[in-house]
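Letter by letter, the sequence shown follows residues 19 to 196 in the numbering used here.
Here a beta-carbon is modelled for each residue, glycine too, at the ideal position from N, C-alpha and C.
Down below is the structure, laid out as structure tokens.
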Amino acid sequence: MHVVPRITALSLAALLAGGCASLGGGSGGGSAVKTVALESRSGSSVTGNLKLSDTKAGLRIRGEVRGLAPGSEHGFHIHEKGDCSAPDAASAGPHFNPAGVAHGRAGSGGAHHAGDMPNIKADAKGVAKVDQVVAGVTLAAGASSATGRALVVHRDPDDYTSQPAGNAGPRFACGVIR
Ligand code: CU
Ligand code: ZN
């Protein structure tokens with residue numbers, strides 16, 4: 019008698035989902051796309067919706083941030099703690115920095131936190147379209163996993179130089195990566 023593994027509709031769906039994730043990823047872990055809702059903090063009206071996924075180049079973050087001043091630029095980081103509960107989002111802690119290095123400009127070749135990212139820029143309607151990849155960070159479990167941390171948008175641009183956080187001012191929006 020042949021031994022044929024039975025593939026139920028459910029496990030087939032799981033296989034397909036896993037296959038899609040590893041096509042984009044390379045972690046092979048089959049991590050799915052995660053959605054993060056950014057909520058206003060520090061008295062701002064900034065909100066956002068972002069989709070996160072693992073790619074070979076790193077953590078891809080796509081979506082929109084709304085309620086910004088037209089043409090404005092804002093610091094945008096992964097912060098260490100997945101806790102946006104404080105009115106000023108201070109509960110999210112400092113920048114995600116598993117290597118214990120200085121704040122800086124991602125992609126410059128110089129030292130920077132794992133959670134450092136380029137500033138986001140609002141269009142004439144106050145909407146910033148986000149599509150960037152954070153090298154060295156994953157959704158999948160590991161030392162550089164962003165899961166259980168937070169995404170934060172600041173009032174001011176990150177100058178990529180000032181310590182410990184680029185002098186980007188108050189935290190205007192925060193969302194937990196669950
Ligand atoms: Cu920040
Ligand atoms: Zn930093």
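Cβ pair residue i, residue j closer than 9 Å
i           : j           : result
residue 175 : residue 140 : no
residue 152 : residue 183 : no
residue 189 : residue 173 : yes
residue 83  : residue 146 : yes
residue 214 : residue 167 : Residue 214 lies beyond the stretch modelled for the chain, which goes from 19 to 196, so this question has no answer here.
residue 90  : residue 191 : no
Whole-Å CB distance - residue i paired with residue j, under 8 Å assumed
i           : j           : result
residue 77  : residue 51  : Rounded, the Cβ-Cβ distance is 11 Å, inconsistent with contact.
residue 202 : residue 66  : Summary: the structure shown does not reach residue 202, with the chain confined to residues 19 through 196, and so no result is reported for it.
residue 129 : residue 120 : 5 Å
Which listed residue (the options) has its alpha carbon closest to that of residue i
i           : options            : result
residue 59  : 74, 104, 84, 97    : 104
residue 86  : 157, 114, 79, 56   : 56
residue 93  : 138, 161, 194      : 138
residue 97  : 177, 163, 179      : 163
residue 54  : 109, 148, 112      : 148
residue 81  : 68, 75, 168        : 68
residue 150 : 99, 160, 134       : 134
residue 181 : 72, 193, 118       : 118
residue 127 : 161, 178, 64       : 178
residue 136 : 125, 144, 143, 142 : 125
Boundaries (first-last residue) of the beta strand (DSSP E) holding residue i
i          : result
residue 56 : 52–58
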